[in-house]
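What follows is a set of notes on a single structure, which appears directly below.
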Amino acid sequence: MATEKAIKIDPKVAKYGTGRRKEAVARVWILPGEGRIFVKSSSGKEWNAKDYFERDILIEKINQPFVVTETLGKFDVYATVEGSGKPAQAEAVMYGIAKALEAYNPAFRTPLKSAGLMTRDARVKERKKYAQMGARAKYRWSKR
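Residue numbering for the sequence shown follows the numbering used here, starting at 266 and increasing by one per position.
Encoded structure:
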């Protein structure tokens, strides 16, 4: 955790991408650097991605766009996340990074698209219906 912004975002150099997954929203900036990833949570704290997401599988998911485009360790990432849980936030950051990489170099679109990283996962929680316990579950029916 840092008290001041961990990465200075220069609008002339940095590229931006918004990622969404379920209720999670990630605003992602990438800029040339050494591969550092910082996440600002809705509480206002800034974290190193490994400290915030904790699980290695989520860190691998975040780095997937860099692995596909062979740019791992060449960009610093600054992301603000809010909503949903940490797995959905990690996928939102991944999608935001993919969009920012495309903005940085349009030639990256082809490998990112073939890896399935340029498609938003639109699955969200189904709404609860009236006269039911939940989205699908119903109250028990009694004949008498």
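C-beta atoms are modelled at their ideal positions from N, C-alpha and C, and glycine is treated no differently.
State the start and end residues of the unbroken alpha helix (DSSP H) segment that holds residue i.
i: Pro-376; result: 374 to 379
i: Lys-364; result: 351 to 369
Following the continuous beta strand (DSSP E) through residue i, name the residue where it begins and the one where it ends.
i: Gly-282; result: 280 to 286
i: Tyr-343; result: 340 to 347
i: Ile-322; result: Ile-322 -> not in any beta strand (DSSP E); alpha helix (DSSP H) instead, spanning 321 to 333.
On the DSSP bridge assignment, give the partners of residue i in chain order.
i: Ala-289; result: Arg-286
i: Val-304; result: Trp-312, Ala-344
i: Leu-296; result: Asp-341
Considering only residues of the same chain and omitting the five flanking positions on each side of residue i, which have a CB-CB separation below 6 Å?
i: Ala-400; result: Glu-391, Lys-393
i: Gly-300; result: Gly-338
i: Asp-316; result: none
Once the 5 residues before and after residue i are set aside, which same chain residues still bring their CB inside 8 Å of it?
i: Met-398; result: Tyr-404
Residues in its own chain within less than 7 Å of residue i by CB, not counting five upstream and five downstream?
i: Gln-354; result: Ala-289, Ala-291, Val-346
i: Asp-386; result: Arg-286, Glu-356
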